[in-house]
Structures are given as structure tokens and as C-alpha cells.
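**Q** Residue numbers (the numbering used here): 5 to 281.
Every residue gets a Cβ at the ideal spot worked out from N, C-alpha and C, and that includes glycine.
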């Protein structure tokens, strides 16, 4: 693949991407493929060419967020901040094209028993986990929809499951078409993924798509050539959202990859005049 997987989307299509961008690592003893100094220009090229309407990113530190925003273009903004008090630390921001989308509301909460307490942990996770929830109006079509971006725990199966239950309940309890983006740290047959898809509240964009633009690569590729495996990075949508195309972007830039994860991308359309479910 020599060009963009999807590239900029014209109305009524929305180009959405979920991407664990890997927090910056720059130590001289660190493997060269993992150093942010090497990955940064690759990230910039990827985002400049793809220009997703919406990007749900994970493992983002503040300086990295500014690089991502600038790579996307001057018309992009983001919501979401570090998960620790301050706020500081890693974030799960949602980047969006302001020329196309109007931000109606947003919030960030912890995935814990104390969701309004920054840095809180529960359910067996030692690292705080959060989600960012934003509602948008498409300036071109007037359709309204919700986007949720998250990063589930890597160590605790119980924490992943409880987080999936909370996210499922939240999507079920709101009225707009919804898109859930995230690094789930679990594959499509796992209990958290199954919970998110239960009762038909959400569907997996990979299987709902009219066309797939790549093989089903394992998305935690670890700077290796893509190969078939588990998709732990997800785009899930409520059933009324129409998935036109989907793919996993395994492209190399200047001999390497921007992250140890591969981005998952989809072209979607939101039905209805206002998008209300």
C-alpha cells in the first residue's frame, strides 16, 4: 500500500480512526524502532495523509497531543486530558475536524467506583483508566452523534470486564448514534468485547462493513510486519451507524511504523435528519 488507506472524507462520510500512538520513549538504550524521535515524523506523515474526521488516540502525553493536532491540521481540536490529578499523565483524547464537526458537549470520567476522582483505581487495576465522551453535530448534514474513546487495563481481566460493563450501560442509556473507539487489550472473542456487543447495543465495525480494505491484522504488531492475529483495537458502533469501509493500516513510513499498534480506520455514515436513535 503506497497511499492513504482512506484519506480525507467528504460528506456524508465520516472517517474515524482508533490508534494507540504509544507514549514517547527516547532513551538512548531504548530500541530504535520505539524511540519517539524516530516515530514522530512517521506519525506526522500518517496523520497528514489520512486526515481522519475523528481520531480516538490512546497513551497520549501533552506534548505528543500537540504534535498530533498540528499534524492533522490547523482546523483540528481535541478534548480529553491526563488521567492523573493535575491533570497530568497519559490521556485518551478525541481529536476532531472543527470545519466539519461542532462539539456540543464532552466529559471525561474514570473507569472506577469513583469516576469523578482523578487518578482513581478499582476492580484490580493499578493504573487509572478513563473514557472520554463527546457529542458532535455534523455541520454538513446536521446529524448528531456520540463518540467514546477509552483504553482498558492491560493487566487485570476483572478491570477490563467491569469497564466494559460500565461502557455498555452508558451507550445503552444515551439516545444518539454512538461510535466507541479504543484499545481494549482483549480480542474479539473475549468477555469484555462480548459484553460490549451484548443485547445488540453495539456492533463490531469489522464485521458490519460493506468492504474490508485489509486483512484482519493483529493490531498490536510490535514494530513487525503485519500478520493475522487479534484485533485488540476496536471500532464499535450502534446498529444504525452504517459502516461503508474498514481497514487496519499496516503501512510503513521511512522504513518503520509510527507506533507498536496499527491504527484501525473506518468510513461511516450516520442516518437520519438529526441522528437520534
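#1: Flag this pair as yes or no: are the beta carbons of residue 58 and residue 136 separated by less than 8 Å?
#2: Note the first and the last residue of the continuous beta strand (DSSP E) segment covering residue 99.
#3: Flag this pair as touching only if the segment 138 to 156 and the segment 209 to 222 have three or more C-beta atom pairs under 8 Å; answer yes or no.
#4: Select from 185, 191 and 200 the residue whose C-alpha is nearest the C-alpha of residue 166.
#5: Return the first residue and the last residue of the beta strand (DSSP E) that residue 154 is part of.
#6: What do you reckon, are the CB atoms on residue 246 and residue 272 nearer than 8 Å?
#7: Assign residue 130 to buried or exposed, taking buried as 16 or more other Cβ atoms, counted over all protein chains shown, within 10 Å of its Cβ.
#8: What do you reckon, are the CB atoms on residue 60 and residue 185 nearer than 8 Å?
#9: Could you tell me whether the segment 258 to 268 touches the segment 23 to 42, using the rule of 3 or more Cβ pairs below 8 Å?
#10: Taking the C-alpha atoms as reference points, what is the distance between residue 46 and residue 127?
#11: With DSSP as the reference, label residue 225 as helix, strand or coil.
#12: Whose C-alpha, out of 43, 53 and 29, is nearest the C-alpha of residue 269?
#13: DSSP on residue 142, reduced to helix/strand/coil?
#14: Enumerated in chain order, which unbroken segments of the alpha helix (DSSP H) with a length of 4 residues or greater are wholly contained in the segment 32 to 90?
#15: In the DSSP output, which residue or residues are listed as bridge partners for residue 191?
#16: Give me the residue from 97, 118 and 122 with the minimum Cα distance to residue 110.
#17: Compare the Cα-Cα distances from residue 88 to each of 113, 36 and 229 and report the closest residue.
#18: Nearest-angstrom Cα distance between residue 191 and residue 235?
#19: When burial is assigned at 16 or more other CB atoms within 10 Å of the CB, is residue 215 buried or exposed?
#20: Comparing C-alpha positions only, which one of 36, 250, 267 and 164 sits nearest to residue 18?
#21: What span of residues does the alpha helix (DSSP H) with residue 169 cover, start to end?
#22: Among the candidates 154, 20 and 243, whose CA atom is the shortest distance from the CA of residue 180?
#23: What are the start and end residues of the alpha helix (DSSP H) that includes residue 257?
#24: Span of the beta strand (DSSP E) holding residue 270?
#25: Can you tell me whether residue 115 is helix, strand or coil according to DSSP?
#26: Between which two residues does the beta strand (DSSP E) containing residue 238 stretch?
**A** Answer, in terms of the structure:
#1: no
#2: 98 to 101
#3: no
#4: 200
#5: 148 to 155
#6: yes
#7: exposed
#8: yes
#9: yes
#10: 37 Å
#11: coil
#12: 53
#13: strand
#14: 40 to 54 and 66 to 76
#15: Answer is none; residue 191 lacks a bridge partner.
#16: 97
#17: 113
#18: 6 Å
#19: exposed
#20: 250
#21: 161 to 176
#22: 243
#23: Unbroken run through residue 257: none, as it is neither H nor E.
#24: 268 to 273
#25: coil
#26: 237 to 241
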